[in-house]
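A short write-up of the structure that comes next.
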Amino acid sequence: MLLFWQIEDIRISTPTVNLVSSHCAQATVWWLLDTNSPFYFFFKIPSSVHSTDFSTMQSDRSIDSTRNATAELKSPIDVAEYLFTRLQQIGVRSIHGLPGDYNLVALDYIPNLGLKWVGNVNELNAGYAADGYARIKGMSAIVTTFGVGELSTVNAIAGAYSEHVPIVHIVGMPSTASQKDGMLLHHTLGNGNFNVFADMNKEISCAMAKLNDPREAAALIDDTLQKCWIQSRPVYITLPTDMVQKKIEGERLKTPIDLSFPTNDMAREDYVVEVVLKYLQSAKNPIILIDACAIRHRVLEEVHDLIDKTKLPVFVTPMGKGAVNETHPSFGGVYAGDGSQEEVQKRVEASDLILTIGAIKSDFNTAGFTYKTSQLNTIDFHSTHTTVRYSEYPGVSMRGVLRKVIQQVDLSKLSAVPGPKMENKVEENEDKSETITQKWIWPVVGQQFLKKDDIVITETGTANFGIWETKFPAGVTAISQVLWGSIGYSVGALQGACLAARDAGMDRRSILFVGDGSFQLTAQEVSTMIRLGLKPIIFVICNDGFTIERFIHGMDAEYNDIQQWHFKDLVKVFGAKEGTYRTYQIKTKEEVTKLFADKDFNSADVLQFVELYIPKKDAPRGLVLTAEAAAQRNAKE
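Below is the structure:
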């Protein structure tokens, strides 16, 4: 009988080997085949010696090695338990994702560590939900399986990377032995390459950790989670099946991961502060403009301190909406270039100094790049650098600079010219009809419906642009995906945000405005909301198709049409029990007003689903401008 045996990580130069083992004393070396590394041996085994004796010998040695390594640990803990405990320590309470054969054993640890498994309907929705969860709770986690699972969530993770949202993406992998042997396993490309999917994720992750060695696992986990928090972007962690239960040092868990933000070089920071103050204190009508990265990189405390101390007029971009208390006396409105209200655009563009905090000057965020401001009149504060006019200071982040500017600004030298006051200006239809229009509904939402501390999610399309015209009550959080713009995002994000609010013990309404076309992409996530007992308010804007696409190209094209659903009936289809939901169909202004005055509706004590009918070719002004600009860019040669 011949036995094929592989020995790894050994260098042998002699053509024969003498084995000394009680299990294989009768074996003699038949031939040595040198394949560089690893080495392969063929042994001639007498029939009286069973081949399993060799595997037993290998197993004994492996067990002895494991026992020795474990004996050296002060507080042994499984790799999976360590990872999920760290997530719990950071503040994650629910884990999104789907089960797969490469992550099943790891999932067993979740309920025993103060965490809840969500279990989404598909990985894309799970990624969107993790995004929404992180925007409320600070960080989130999703578990998928190798290949088919992780690739299904790539779109959502890319969106989170684009929009600076910290998600921990954990991928259950085949065993390290299977990977080394290049086995032809399911969920692979059939070429023995187990790194190909990690390579795909590399460009949409700020850090990656492959937990292939228990000696490195704890340090890799801590470092990766730290980078996720500080850089506010997704990270990617692979967990092979044979590493899940490997023992590592648990003593580290007694020391929290350092989540403090790096400090600037003191001399460079002081110089930048001096330059900023020079321009700020000599400006005649400076303003403050808040954008998305002020939210994502957690400087809102500094932002509000700056506003309160300087009393300068403050504006937000579409992506920055919700960053500032819109009832604050200094709040002037939403600036989006030509998409702004007239008085807002005039005030911002007349300023001789704009302090922009966390700017993302993308096309949709600027109504098609219609800003009419000069970099010569701008100071940009970012998480990785500060730019004063055309001078960039790499490595001087906004947090330290803003704090010192707040401390050192001389108010006697500061000119604070009041800005406009944003109000919910309700515009009636020109024909005085009862038809619900875009220009009418959005101010009404702010005037009659929203209340303090609501969470408002808007979908790419009419809702994202219409919400510019809505003045928020204090404490409202806005969630949207203006930069990445993946339609269907908002439905999953609603589930994640609503769950995060509940996990945090917050008594907040979660409200979604989504178009009928976008809703059809991810409608199944309503099923998850029902299963979790969540109570969101969902407005599906029924306007017969893809409106933003119509305004870019193909107003009457068939490809911008959709099959009309009985949307409100889906709640029942997805298994909601009688008494746990309410549905509405709203087609007139009078019905809107009546709904917004309904005490039961406003209480949000059950899941509520509203069909809101708006004409097919009606769109907010900002959307029309942005779509026209997009069409012109697409046509350029």
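In terms of my numbering, the sequence shown has 1044 at position 473, counting the first letter as 1, and numbering is strictly consecutive. Backbone N, C-alpha and C fix where the C-beta goes; we use that ideal spot for every residue, glycine too. Quantities reported herein were computed from a predicted structural model and do not represent experimental measurements.
Task: Exposure of A1198, with buried meaning 16 or more beta-carbon neighbours within 10 Å - done: So A1198 counts as buried.
Task: Continuous alpha helix (DSSP H) stretch holding F1172: start and end - done: Bounds of the alpha helix (DSSP H) holding F1172 are K1170 to S1174.
Open item on the list: List, from N- to C-terminal side, the alpha helix (DSSP H) runs of 4 residues or more that fit wholly inside the region 1033–1070.
Closed with: You should have 1033–1037.
TODO: State yes or no: is the C-beta of V919 nearer than 6 Å to some heavy atom of the ligand NAD?
DONE: The ligand NAD is not part of this structure, which contains no ligands at all.
TODO: Check the DSSP bridge columns for D649 and list the partner residues they point to.
DONE: Partner(s): K818.
Open item on the list: Please state whether the Cβ-Cβ distance between N856 and D923 is less than 7 Å.
Closed with: Against a cut-off of 7 Å, the Cβ pair of D923 and N856 comes out as a contact.
- [ ] Return helix, strand or coil for W1136, following the three-state DSSP convention.
- [x] Secondary structure of W1136 (DSSP, three-state): coil.
TODO: Would you tell me roughly how many angstroms separate the C-alpha atoms of Y850 and V844, rounded to the nearest one?
DONE: Taking the Cα positions, Y850 is about 10 Å away from V844.
Open item on the list: Using 7 Å as the threshold, is the C-beta distance between T795 and A780 below it?
Closed with: Yes. Within cutoff.
- [ ] Rounded to whole angstroms, what's the CA-CA distance from A701 to D1169? Just pull it up for me.
- [x] Answer to the nearest angstrom: the Cα atoms are 32 Å apart.
Open item on the list: Here's a check: name, in chain order, each residue in its chain whose Cβ is nearer than 8 Å to the Cβ of F523, leaving out the five neighbours to either side.
Closed with: Past the boundaries of the shown model lies residue 523; the chain is included only from 572 to 1208, so the question cannot be answered.
- [ ] Taking all protein chains shown into account, decide if L810 is buried (16 or more other Cβ within 10 angstroms of its Cβ) or exposed.
- [x] With 16 or more Cβ atoms within 10 Å of its Cβ, L810 is classed as buried.
Open item on the list: Give me the residue from L1021, V976, N995 and T1118 with the minimum Cα distance to A1034.
Closed with: T1118 is the residue among L1021, V976, N995 and T1118 whose C-alpha sits nearest the C-alpha of A1034.
TODO: Rounded to whole angstroms, what's the CA-CA distance from R970 to R1153? Just pull it up for me.
DONE: Between R970 and R1153, the C-alpha separation is close to 45 Å.
Open item on the list: Quick check: what's the CA-CA separation for P1044 versus R974?
Closed with: Between the C-alpha atoms of P1044 and R974 there is a straight-line separation of about 27 Å.
TODO: Give me the Cα-Cα distance between D841 and V972, rounded to the nearest whole angstrom.
DONE: Roughly 8 Å between the two C-alpha positions.
Open item on the list: Does G732 pass the burial test, meaning 16 or more other C-beta atoms within 10 Å, or should it be called exposed?
Closed with: The sequence given here places Tyr at residue 732; Gly does not occur at that position. Result: buried.
Open item on the list: If I follow the unbroken beta strand (DSSP E) through E963, where does it start and stop?
Closed with: Here the beta strand (DSSP E) through E963 covers S962 to P965.
Task: Coil, strand or helix - V912 by DSSP - done: It is Gln, not Val, that sits at residue 912 in the sequence shown. In the structure shown, Q912 adopts coil according to DSSP, grouped into three states.
Task: Bridge partners - A712, DSSP secondary structure assignment - done: Answer by DSSP bridge pairing, in chain order: I666 and V739.
Task: Cβ shell of T941 (< 8 Å), same chain only, five flanking positions each side left out - done: Contacts found: A907, G908, D909, G910, L1196 and A1200.
- [ ] Using 10 angstroms around the beta-carbon of L755, count the other beta-carbons present and answer buried if the total reaches 16, otherwise exposed.
- [x] L755 is exposed by the Cβ-count criterion.
Open item on the list: Within 8 Å, do at least three Cβ pairs link the region 1017–1026 to the region 851–871?
Closed with: The region 851–871, when compared against the region 1017–1026, does not touch it at the 8 Å Cβ threshold.
Task: Chain-order list of residues whose beta-carbon lies under 7 Å from that of V1016 (same chain, five-residue window excluded) - done: Taking V1016 as the centre and dropping the five residues before and after it, the same chain places the C-beta of T1041 closer than 7 Å to its C-beta, in chain order.
TODO: Taking 8 Å as the threshold, find out whether the region 882–892 comes into contact with the region 807–821 through three or more Cβ pairs.
DONE: Flag = no, the region 882–892 and the region 807–821 do not touch.
- [ ] Identify the continuous beta strand (DSSP E) that holds H956 and give its terminal residues.
- [x] Run containing H956: H956 to V959, per the beta strand (DSSP E) assignment.
- [ ] Count the other C-beta atoms from every protein chain shown that fall within 10 angstroms of the C-beta of S535, then say buried if there are 16 or more, exposed otherwise.
- [x] The requested residue 535 does not occur in the structure, where the chain is confined to residues 572 to 1208.
- [ ] Consult DSSP for L1194 and reduce its assignment to one of helix, strand or coil.
- [x] In the structure shown, L1194 sits in a helix (DSSP, three-state: H, G or I).
Task: Range of the contiguous beta strand (DSSP E) that encloses T824 - done: In the sequence under discussion, the amino acid at residue 824 is Leu, which differs from the Thr named in the question. Per DSSP, L824 belongs to no beta strand (DSSP E) and is neither H nor E.
- [ ] For L1115, I'd like the list of residues in its chain whose CB is within less than 6 Å of its CB, leaving aside the five on either flank, ordered along the chain.
- [x] Note that residue 1115 corresponds to Asp in the displayed sequence, not to Leu. The answer, listed in chain order, is K1187.
Task: Rounded straight-line distance, which links the Cα of G730 to that of K880 - done: If I take the Cα positions, the gap works out to 35 Å.
Open item on the list: Rounded to whole angstroms, what is the Cα-Cα separation between H757 and N783?
Closed with: C-alpha separation (whole angstroms): 20 Å.
Open item on the list: Tell me the rounded alpha-carbon separation between G1193 and P1107.
Closed with: Near 27 Å, if we compare the C-alpha coordinates of P1107 and G1193.
- [ ] Measure the CB-CB distance between F1264 and V1181 and report whether it falls below 7 Å.
- [x] Given a span of 572 to 1208 for the chain in the structure shown, any question on residue 1264 remains unanswerable.
TODO: List the residues that DSSP assigns as beta-bridge partners of P857.
DONE: Looking at the DSSP assignment, P857 forms a beta bridge with L924.
Task: Per-residue burial, M1210 [other beta carbons within 10 Å of its own, 16 or more giving buried] - done: As displayed, the chain neither begins before 572 nor continues past 1208, which places residue 1210 out of reach and without an answer.
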